[in-house]
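So the structure is just underneath, and the comments pick up after that.
Numbering (our numbering), first residue to last: 2 to 288.
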């Protein structure tokens, strides 16, 4: 049986948010498969560092600046990539931010930034790249980084959680649209579990005591219990290549979250705070 990774050699992969975390790991995985990797990030220095490390290891990578919150910037990235490298075989819409705070206290700018990056970044990534992927008629892959958070609920992370619910829905609908077109383009919804990334360190949000404590708690949890971005990517990449729709870094956790969500909705249960959140805030846990 042929190795599906072998078919990727010489093809082009575009990864947004590739300057650190899961995106950086995916860039290394794609390069190890022999792909020409476009390391796209708003932090040009990080992107150049990742591309440089890949090249030093014998891979082929190019850093490109992109602000996925700006549709025109994504269009420019797509044009530049196709002009320089030709058809894109793999697109990872991976860029994302985390914003912590009470939903009514976040500024309009903070709300717009989170939604523009986490939702519109992927939507416009597909809009900019998919037409030429379809026109090529070749087998291709589009993967959207969602989150197991998209299967649940969490106070103070409202903007992030709702954006990941939206990304799961978007990925499902995009999958069906590719079916309607009869296109050989695989769509994946990537649901990472705990991964030690910069998402909380780089994120913004409310500065009230509760928000600051919650952000610190979540960041500490990721770095104490989470796997590295590279390990997450090493779990994600082969699943995407194999054509899986649901892609998980922590399958058991994902199954538990999905089952809990299904039970919550089927019973039309009233939302309830997790006991650990109540305890962390010094609130009584209902019996």
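The beta-carbon is built from N, C-alpha and C at its ideal position, and this holds for glycine as well.
On a predicted model such as this, the values are computed, not experimentally measured, just so you know.
- Per DSSP, the continuous alpha helix (DSSP H) segment holding residue 125 begins and ends at 122 to 137.
- Check the Cα spacing between residue 91 and each of 115, 104 and 127: the tightest is with 127.
- Proximity to residue 163 across 12, 117, 189 and 143 peaks at 117, based on C-alpha coordinates.
- For the stretch 44 to 127, the continuous beta strand (DSSP E) assignments of 3+ residues that do not extend past its boundaries occur at 61 to 66 and 91 to 94, in sequence order.
- With contacts defined by Cβ atoms closer than 8 angstroms, residue 17 and residue 101 do not form a contacting pair.
- Counting the other Cβ atoms within 10 Å of the Cβ of residue 37 gives 16 or more, which makes it buried.
- Non-local C-beta neighbours of residue 133 in its own chain, meaning closer than 8 angstroms and more than five positions away in sequence, comprise 79, 83, 88 and 89, ordered along the chain.
- Here residue 120 is near residue 168, since their CB atoms are less than 8 angstroms apart.
- Ranking 157, 19, 61 and 188 by CA distance to the CA of residue 106 puts 157 first.
- In this structure, DSSP gives residue 27 a helical state, which the three-state scheme calls helix.
- Looking from the CA of residue 271, the closest CA among 241, 154 and 247 belongs to 154.
- Taking the Cα positions, residue 231 is about 32 angstroms away from residue 104.
- The Cβ atoms of residue 185 and residue 141 sit closer than 8 angstroms to each other.
- Per DSSP, the beta-bridge partners of residue 37 are 13 and 61.
- Per DSSP, residue 231 is one residue of the alpha helix (DSSP H) stretching across 230 to 242.
- Counting C-beta atoms within 10 angstroms of its own C-beta, residue 47 has 16 or more neighbours from the protein chains shown and is therefore classed as buried.
- Within the same chain, and ignoring the five residues on either side of residue 13 in sequence, the residues whose Cβ sits closer than 6 angstroms to its Cβ are 37, 86, 89 and 90.
- Residue 21 sits in coil when the DSSP states are folded into three classes, being neither helix nor strand.
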